[in-house]
Each structure stands twice: as C-alpha cells, then as structure tokens.
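Below: the structure, in structure tokens.
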Amino acid sequence: MCRSLHHNDLGCISRCPQGCCLHIYFGNVALCLKRAELPEWRATIHSLYEQHAHQLPDPQVRCLVLPGATAHQKFVFTLEELFLLYDLLMCASLLLEAEALLLPSAT
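Shown next, in the form of structure tokens:
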C-alpha cells in the first residue's frame, strides 16, 4: 500500500512502501518517479506554467503541451491543470524535505 503525500482536485502523489519512488496520478495518467527526478519535473512544470500564465485568455483551454517519454507521446493540459500538477509536485517535495529534516540522522 502506498502512502499518500498530497492530493488535490487533479490527482495525488504517493510514495511506495519501500520509499524508492513516487507515484504521481493526475487525470488519466500515472507516473513513477525516483525521488531524485522530482526536482526536475517540478522545474519543468513551473517553467511551462510561468511561460504561459499571463498569455492565455482562458485558463480552461487545453493547449499546453508537455513532452512524454517517447517522441509520439504528449501530455496536454489546461493552465489550471498545469497549476494543480505543480501543486502536487511542490507539496510532495516540501513534505519529503520536512520528513528528512525530522528523521534522526544515521550517525
């Protein structure tokens, strides 16, 4: 059973029981990321959001594209969905950082 780190209207982020990876569920998509990959995903989503946040007249238009794992795979978002995905990633990062600070050091 995975431990949920954060959820919102778009989906959730959970950590596998062994702690080796994160499961990100948003819309109809599920991703498995290593913890070290989380900052890169967070930066990519933040950059895409910042690039388009002030240009789109309607935040409900599904026109923002994020490349997928293969050349023929793309993720398409509304501005609102992109913000909610960033929220998932950011909250998961903050919770993992807080957890690391609270755990006793292995000395």
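Going letter by letter, the sequence shown gives residues 12 to 118 in the numbering used here. For each residue, glycine too, the CB sits at the ideal point set by N, CA and C.
query, result
"Quick one, are the C-beta atoms of L21 and C32 less than 9 Å apart?", "no"
"Alpha carbon to alpha carbon, how far is D69 from P115?", "47 Å"
"Can you tell me where the alpha helix (DSSP H) holding H63 begins and where it ends?", "49–63"
"Pop quiz: H17 and A103 are said to be a contact at Cβ under 8 Å. What is the actual Cβ separation, rounded to whole angstroms?", "5 Å"
"Look at F37 and L95 and say whether their C-beta atoms are less than 9 Å apart.", "yes"
"If I measure Cβ to Cβ from V87 and keep anything under 6 Å in the same chain, skipping five residues before and after, which residues do I get?", "R73, V76"
"Kindly list the residues whose CB is nearer than 6 Å to the CB of L90, restricted to its own chain and excluding five residues on each side of it in sequence; keep chain order.", "L67, P70"
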